[in-house]
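Asker: Have a look at this one before I ask anything.
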Amino acid sequence: MRHYVIGQLVWLAKVTIQLLIAMGVGVKWVFMTARLVLFVAVSFSYFLPFAWWYLISPNIIRRVAYRSSRRTKRRNLEMMFKRITEKRMNAKRAEFGNSLRMEEVMGPDAMKQLASALWLPSNCVSQVGASFQ
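Residues 1 to 133 in our numbering are what the sequence shown lists, from first letter to last.
Now the structure itself:
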């Protein structure tokens, strides 16, 4: 199998050289293309860890629309409050057991505390708080 693959690669190289000669592509252009391919390969090794980190990292929030629509802002706030609520619920359940309700963890005081930490206007807090109840 290995012998066959090597034979095919040699044949492909020969045919490529014949095609380049028939097209009239100069040696200079072939070397410039080889340099470009080598540069891309070396540069790829630099960018690969950052791309991998971006794809794997749980700290990056994806699918966030960065526009000034009121509905989008509200949806983003709801997503953030739900994450905070889940963390608080898990912490409280670990402390008090499974007999907790959502109102005990995310009451009006908790919503105001979260909103004040984020410097949100009060009307935004009341809208988001109403969607949880």
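For glycine and all other residues, C-beta sits at the position ideal for the given N, C-alpha and C.
Bear in mind that the values here come from a model prediction, so they are computed numbers and not experimental data.
So, helix, strand or coil for G26, using DSSP?
Answerer: In the structure shown, G26 sits in coil (DSSP, three-state: anything other than H, G, I, E or B).
Asker: Would you identify the three-state DSSP class for R62, choosing helix, strand or coil?
Answerer: Coil, per DSSP.
Asker: So for S57, helix, strand or coil by DSSP?
Answerer: Of the three classes helix, strand and coil, the one that applies to S57 here is coil, per DSSP.
Asker: Taking buried to mean at least 16 other C-beta atoms within 10 Å of its own C-beta, is L12 buried or exposed?
Answerer: With fewer than 16 Cβ atoms within 10 Å of its Cβ, L12 is classed as exposed.
Asker: By DSSP, does M79 sit in helix, in strand, or in coil?
Answerer: Correct three-state label for M79: helix.
Asker: So, is L55 buried or exposed, given that buried needs 16 or more other C-beta atoms within 10 angstroms?
Answerer: With fewer than 16 Cβ atoms within 10 Å of its Cβ, L55 is classed as exposed.
Asker: Nearest-angstrom Cα distance between V5 and V15?
Answerer: Cα to Cα, the separation comes out at about 15 angstroms.
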